[in-house]
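Accompanying notes for the structure given below.
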Amino acid sequence: MLSNAFRKNLAPLSSPLFSSFLSQFTFVRSSGEELSIPGRSGETVKELLENSDAGVSIGVCGGDLACGQCQVYVDSSWMDKLPAIADDEEETLGIAFKRKKQSRLSCALKWTDEWDGLVLHEAPLKPKKTKGKKPKKSSSTPSDKPNASTAPNNATSPTSPPVCLKEQAGQKVSDKVYCIGAVDWSLRDFHDFQVREGGTYNSYFIKDDFVAVIDPVKYTFADGWVERIKSLLQGSGKKEPDFIIVNHAEPDHSSGIVSFMRAFEGRPTVVCNKLCKESLEKLYPEAHPSSWNYRIVKSGDELKLSKDRTLHFLNTPMVHWPESMFTYDAKDGILFSMDAFGQHYPSSARFDDEVPSIEHVLQDAKTYYANILFRLSKPIKATLKKTLSSFEGLQVIAPSHGVVWRKYVNEILQKYVEWVSHKPSNKVVIAYDTMWHATEKMAESIYDGAVLADTSCDVRLMNIRSFHHTDIVTEMLDAPVLALGCPTMHHGMMPAMGGLISYLKGLLPPGHGKMGCAFGSFGWEPTASNEIESAMKSFGIEIVHPAIDMQFTPTQESIGDLRQIGVELANKAKKAASDFQLSF
Ligand SMILES: Cc1cc2nc3c(=O)[nH]c(=O)nc-3n(C[C@H](O)[C@H](O)[C@H](O)COP(=O)(O)O)c2cc1C
């Protein structure tokens, strides 16, 4: 090592060769060992440590002021000689382990030769194991047990590879990106969204210099998922993934993180945005999420997995929850889009070009959009625009439900453009309830009129106790005209109509452009149709015909009137569809 006096004598030479020796600092390891690290202007203390002969590896986020793990303690003699802590450093220091008043992030300290002689102390790293009792196997509690049809996913024997891995069967999205999610063939009720065939909880595994898992799975499938991760780690020299990226905190995706952290003893770094971290902490308090290592990201942030592969993050608030986020793998052009572009479509295939019918998948994507995302059309539109302008190399969309889009990317993007823009079809939806069929007769008469008026009009007659509200709302998504009918019961509307109205209230987005009317039969004092009409108005539905009330069974004459109303509604739908200009 050069003495200070010698370095000062060399200073006038100011050659790059010599300038690299002009200053140094001492890094005191927690063992007490002192390392002399040469300083070089412009490099951060973290870089100097890593590039020194000692090769001190520090931090996990690559020097992005995000993980807090490159923390160092400044020797008390130097406390006042370093620049003040900036806001972004302060924010990340907030998550650093055992932060003290002497704490700094080595990635935030850009070396200057004025710091010659600086003394820094190694800060402790978070313990390898999470605190608490020995982790229980999640299968020990009945609620954690996957159902019978998922038993193969739950295989834990290393000699019996989990069936869903199917690595050799081509379930890779690209050379280093694997599908490791779970198929839930028994799913039928997804928070009151009726699912006919089942669904999936997708997760992806990127095996590069750093290993990242994108999105956990639902907790009931976590055991099999963790086994798939362990299986893919084999031969990589790693005991755990470096990162677990959480794009969305909703439990159907995030809840598997509890088993994941148990299995990997809390070592992987959780990559998510600030809101997501807060949500995880509130969702799974028993797992002590605040003790996990985090790399907090925001739009525009990047995570390098190798020199060729960088992940980019885009916050997508309210697509579907406030913390929602997209992750984009620029190397392979893969957008990990969490709920956006998802479908409740289960399949042993993983890609859109492997399924028997792409129309079926597109219909399921529509059902998903109508029932989960319809209300959020505005933020989704903004996100779509950002996605298309930010990720020019986009080739594949890998959502967290359903198949991966690789052949029909343009088709699903086009559908989303239409749905967020509220593109109307030439379509009328008549949804009704009935006790003794009088209101049903009214509904049928309106239907007949609409069908006779325009054979090209897609007219749907939906008894709301025969059709689940999932299907009714799906049909309403692109219908500009709605007729809602219900008899008066106990001075109001019937319970199922009340449920549908409440569901529509939550789902219809501002600016949906829908029109319609209410109708119903009554015995002595009509109230249901007026209640429906005022609800429709309050949702921004333009009332194109005053509420139609008929006492008991409609007469022949009133049937004629109702048919005429059907004609008017069909004409409105036709005009709405033909007048619409898509601008995106
Ligand atoms: C349980 C029950 C409650 C009813 N409550 C009312 C009421 O509060 N006000 C009213 O005008 N008619 C009431 N009615 C009469 C119905 O509205 C009338 O029978 C109507 O024609 C039924 O239409 P629907 O055939 O489509 O079921 C009630 C009927 C039933 C069976």
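Everything in the sequence shown is counted per this note's numbering, starting at 1138 for the first residue and increasing by one.
Note that beta-carbon positions come from the ideal geometry of N, C-alpha and C, so glycine has one too.
In this text the structure is predicted, and so the values were computed from the model without any measurement.
Just how far apart, CA to CA, sit residue i and residue j?
i       : j       : result
Thr1592 : Asp1352 : 47 Å
Gly1361 : Glu1679 : 51 Å
Lys1712 : Asn1563 : 8 Å
Asn1508 : His1628 : 30 Å
Arg1543 : Phe1488 : 7 Å
Pro1701 : Trp1573 : The question names Pro, but residue 1701 in the sequence shown is Gln. Gln1701 and Trp1573: Cα-Cα distance of roughly 23 Å.
Gln1208 : Pro1561 : 56 Å
Glu1705 : Ala1616 : 15 Å
Cys1409 : Ala1620 : 44 Å
Glu1180 : Val1193 : 15 Å
Asp1476 : Val1456 : 7 Å
Phe1234 : Ala1245 : 17 Å
Leu1472 : Asp1466 : 6 Å
Leu1448 : Leu1442 : 7 Å
Ile1696 : Lys1503 : 34 Å
Ser1416 : Ala1386 : 6 Å
Glu1402 : Ala1359 : 15 Å
Ile1222 : Gly1374 : 37 Å
Asp1438 : Pro1378 : 20 Å
Pro1683 : Thr1464 : 49 Å
Thr1692 : Val1546 : 52 Å
Tyr1431 : Ile1382 : 10 Å
Glu1187 : Ile1195 : 7 Å
His1328 : Asp1389 : 10 Å
Ala1575 : Ile1685 : 13 Å
Thr1287 : Arg1399 : Residue confidence is low: Thr1287 scores 31 on pLDDT, short of 50, so the model does not pin down where it sits. Its coordinate-derived value is still stated next. Those two C-alpha atoms are separated by around 21 Å.
Ser1323 : Gln1331 : 12 Å
Based on Cα-Cα distance, which residue from the options lies nearest to residue i?
i       : options                               : result
Leu1249 : Cys1207, Phe1528 and Arg1177          : Per the sequence shown, residue 1249 should be read as Thr rather than Leu. For the residues Cys1207, Phe1528 and Arg1177, the minimum Cα distance to Thr1249 belongs to Arg1177.
Pro1483 : Ala1477, Asp1476, Met1475 and Val1492 : Val1492
Leu1722 : Leu1242, Thr1229 and Leu1614          : No answer is possible for residue 1722: it lies beyond the span of the chain, which begins at 1138 and ends at 1721.
Ala1260 : Lys1309, Ser1168, Glu1227 and Gly1336 : Ser1168
Ala1319 : His1328, Val1332, Tyr1465 and Glu1364 : Glu1364
Pro1632 : Leu1644, Leu1513 and His1606          : His1606
Lys1344 : Val1256, Val1332, Lys1468 and Asp1225 : Lys1468
Ala1519 : Met1216, Phe1721 and Lys1237          : Phe1721
Arg1325 : Ala1710, His1481, Glu1668 and Leu1614 : His1481
Lys1724 : Val1566, Ala1665 and Ile1232          : As shown, the chain starts at 1138 and ends at 1721. That puts residue 1724 outside it, with no answer to give.
Phe1656 : Tyr1210, Asn1667 and Gly1650          : Asn1667
Val1256 : Ala1223, Asp1212 and Asn1384          : Asp1212
Trp1252 : Gln1239, Met1216, Gly1470 and Lys1237 : Met1216
Ser1160 : Leu1185, Ala1590 and Phe1463          : Leu1185
Trp1429 : Val1182, Leu1521, Pro1405 and Leu1550 : Pro1405
Ser1391 : Gly1372, Tyr1421, Pro1454 and Asp1716 : Tyr1421
Val1533 : Ser1396, Leu1550, Phe1717 and Leu1641 : Leu1550
Do the CB positions of residue i and residue j come within less than 8 Å of each other?
i       : j       : result
Ala1356 : Cys1316 : Residue identity check: residue 1356 is Tyr in the sequence provided, not Ala. Result no, Cβ atoms of Tyr1356 and Cys1316 do not sit closer than 8 Å.
Cys1623 : Ala1707 : no
Glu1581 : Leu1598 : yes
Phe1478 : Tyr1584 : no
Ala1349 : Phe1380 : yes
Leu1499 : Glu1555 : no
Gly1653 : Val1681 : yes
Pro1646 : Phe1511 : yes
Asp1570 : Met1634 : yes
Ile1232 : Gly1254 : no
Lys1414 : Ile1433 : yes
His1497 : Gly1336 : no
Pro1663 : Thr1625 : yes
Val1541 : Val1310 : yes
Tyr1506 : Leu1614 : yes
Glu1460 : Leu1521 : no
Run through the DSSP bridge pairs and tell me what residue i is partnered with.
i       : result
Asn1600 : Tyr1569
Ser1160 : Gly1176
Phe1659 : Gln1688
Gly1653 : Leu1619 and Ile1680
Phe1380 : Ala1349 and Thr1406
Gln1542 : Note on identity: in this sequence residue 1542 is Trp, with Gln being the wrong assignment. According to DSSP, which records beta bridges pairwise, Trp1542 is partnered with Ile1534.
His1078 : Given that the chain is displayed from residue 1138 to residue 1721, the structure contains no residue 1078 and the question cannot be resolved.
Glu1171 : Val1165
Asp1779 : Because the chain spans 1138 through 1721 in this model, residue 1779 falls outside it and cannot be assessed.
Arg1106 : Because residue 1106 is not part of the residues shown, which for the chain are 1138 to 1721, the question remains open.
Taking 7 Å as the cut-off, is the CB of residue i close to at least one heavy atom of ligand 2?
i       : result
Phe1656 : Absent from the structure shown: ligand 2. Ligands present: ligand 1.
Let me know the alpha helix (DSSP H) ranges lying completely inside the stretch 1389-1466, each 4 residues or longer, listed in chain order.
Qualifying alpha helix (DSSP H) stretches, in chain order: 1394-1400 and 1411-1420.
What are the uninterrupted segments assigned as alpha helix (DSSP H) that are 4 or more residues long and contained completely in the stretch 1661-1699, given in chain order?
The qualifying runs are 1665-1675.
What runs of the alpha helix (DSSP H), each 4 residues or longer, lie entirely inside the stretch 1469-1536?
If we require 4 residues or more, the alpha helix (DSSP H) runs fully inside the stretch 1469-1536 come out as 1495-1505 and 1514-1527.
Within the stretch 1303-1370, ranges of the beta strand (DSSP E) (whole runs, at least 3 residues)
The beta strand (DSSP E) runs of length 3 or more contained entirely in the stretch 1303-1370 are, from start to end of the chain, 1309-1311, 1314-1316, 1319-1321, 1336-1338, 1341-1344 and 1348-1351.
Note down, one range per segment and in chain order, each beta strand (DSSP E) of at least 3 residues found wholly within the stretch 1601-1643.
As far as the stretch 1601-1643 is concerned, its whole beta strand (DSSP E) runs of at least 3 residues are 1618-1622.
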